[in-house]
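In my numbering, the protein residues as written are 3 to 366. Backbone N, C-alpha and C define an ideal beta-carbon position, used for all residues, glycine too. Some notes on the structure that comes next.
Below, the structure is given as structure tokens:
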């Protein structure tokens, strides 16, 4: 695969420029649709950036309280679409509603931010991406890790060759909860790490294997192990669970000349550690040469606010977001392949009678 094609897939080799969370002079107004637990965070960030135009939610008491708290307006979705002073919409509703709401917003001429996943169906995600392109609207997916200052620093280190040739990546994203009703743990937690891994490698995986653990419900995976193999030989493993006793959010990058660990649970000054470990292959047997880890200085900023600022900047400057619809599609293609493999394996284990029932519930 050519370098240019690899860069197109994941922007590997390109230095990421910092996002200034203080620059709020764009005049862009954003309406947040969905004021649940995460939607309230989006409302707060856009309000603090001076860009909140309105809020909407089907719970009248909730939306009125949120609007009052942030000095904004509580409008219906239809009113938001008809309001010319609101140029963009941020959607933080149930994933099953993403396609419909985003389609309506794009057709109304709005730029659209959609919380992950972009949709629960690959064809719907492709439709949204094509529609945004045709209408020349910005479509951005909420892959928040891409805007974490430590992840931006990690990408720059890898691009600069700080660990040599990439060999292996391992992501661990586990906690007790929050257990979802609509999507399984693959679609709930997987987009975060798959997005970053694809960006670091700069290519789509050519081989994939996924194993799901169904402990609480027979059709919703509570734990997933995902293995990815890439054309140039890199490999990745992603461990996901919402049925885990302690919180672990960690990404490990192994290279030929060093290793990097991003631990989002660590204090800010130790979130990103460079380990100059190497393996000497010159002797009769391989020898691991250890070195002291070196903390990488990372400027402390809230990732969600940086993500919101990036969306506003892209609208104001007419450029594509880092996590645009095309990037969202690349992530969804991996998740869709993994999900199909897990569904097939579950059906085989269920036996003919139970498998028929499972397929009917999944509309397969």
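Inset, instruction - Tell me whether the beta-carbon of residue 337 lies closer than 9 angstroms to the beta-carbon of residue 128. - result: Sequence index remark: in the chain shown, residue 337 carries index 335 (1-based). Sequence index remark: in the chain shown, residue 128 carries index 126 (1-based). Cβ atoms of residue 337 and residue 128: not closer than 9 angstroms.
Inset, instruction - Please work out which residues of its chain come closer than 6 angstroms, Cβ to Cβ, to residue 194, disregarding the five sequence neighbours upstream and downstream, and give them in chain order. - result: In the chain shown, residue 194 corresponds to position 192, counting from 1. For residue 194, where only same-chain residues beyond five positions count, the Cβ hits under 6 angstroms are 147.
Inset, instruction - Take residue 94 and list the residues in its own chain whose beta-carbon comes closer than 6 angstroms to its own, dropping the five residues that flank it on each side. - result: Locating residue 94 in the chain shown gives position 92, counting from the first residue. Excluding residues within five positions, the ones whose Cβ falls inside 6 angstroms are 36, 40, 41, 44, 117.
Legend entry - C-alpha distance - residue 11 paired with residue 322, whole-angstrom precision: Here the question's residue 11 lines up with position 9 in the chain shown. Here the question's residue 322 lines up with position 320 in the chain shown. Interpretation of residue 11 is limited by its pLDDT of 47, a score under 50 that renders its predicted location unreliable; no figure is taken from the coordinates.
Legend entry - Contacts around residue 1, its chain only, beta-carbon distance under 6 angstroms, and the 5 residues preceding and following it disregarded: Lying outside 3 to 366, the shown extent of the chain, residue 1 is not represented and no answer is given.
Legend entry - Reference residue 304; option with closest CA among 341, 282, 266: Sequence index remark: in the chain shown, residue 304 carries index 302 (1-based). The shortest Cα separation from residue 304 among 341, 282, 266 belongs to 266.
Inset, instruction - Tell me, to the nearest whole angstrom, how far the beta carbon of residue 244 is from that of residue 179; I am working on the premise that it is less than 8 angstroms. - result: In the chain shown, the residue the question calls residue 244 occupies position 242. In the chain shown, the residue the question calls residue 179 occupies position 177. That pair is a contact at about 6 angstroms.
Inset, instruction - Please confirm whether residue 229 and residue 174 have their CB atoms less than 9 angstroms apart. - result: One-based indexing of the chain shown puts residue 229 at position 227. One-based indexing of the chain shown puts residue 174 at position 172. For residue 229 and residue 174, no; Cβs fall outside 9 angstroms.
Inset, instruction - Indicate whether residue 160 and residue 169 have their beta-carbon atoms separated by less than 9 angstroms. - result: Locating residue 160 in the chain shown gives position 158, counting from the first residue. Locating residue 169 in the chain shown gives position 167, counting from the first residue. No.
Legend entry - Local Cβ density within 10 Å of residue 151, reported as buried at 16 or more and exposed below that: Taking the chain shown and counting its residues from 1, the one referred to as residue 151 is at position 149. Buried is the call here.
Inset, instruction - Mind checking which residues open and close the alpha helix (DSSP H) that includes residue 166? - result: Reading the chain shown from its first residue, position 164 is the one you call residue 166. Careful: residue 166 lies outside any alpha helix (DSSP H) and carries neither H nor E.
Legend entry - Start-end ranges of the alpha helix (DSSP H) lying completely within the region 120–168, minimum 4 residues: 124–137, 151–161
Legend entry - Collapsed DSSP secondary structure at residue 65 in the structure displayed: For the purposes of this step, residue 65 is taken as residue 63 along the chain shown, with counting starting at 1. Helix at residue 65.
Legend entry - Simplified DSSP assignment, three categories, for residue 283: Here residue 283 corresponds to residue number 281 of the chain shown, with the count starting at 1. Looking at residue 283 - three-state DSSP - the assignment turns out to be coil, as it is neither helix nor strand.
Inset, instruction - Please classify residue 289: does DSSP put it in a helix, a strand, or coil? - result: Here residue 289 corresponds to residue number 287 of the chain shown, with the count starting at 1. Residue 289 falls in the strand class under three-state DSSP.
Legend entry - Distance, residue 190 Cα to residue 154 Cα: The count along the chain shown starts at 1 and reaches residue 154 at position 152. The count along the chain shown starts at 1 and reaches residue 190 at position 188. Each residue's alpha carbon lies about 22 angstroms from the other.
Inset, instruction - Tell me whether residue 97 is buried or exposed, calling it buried when 16 or more other Cβ atoms sit within 10 Å of its Cβ. - result: Here residue 97 refers to the residue found at position 95 of the chain shown. It is buried - the Cβ of residue 97 has at least 16 other Cβ atoms within 10 Å.
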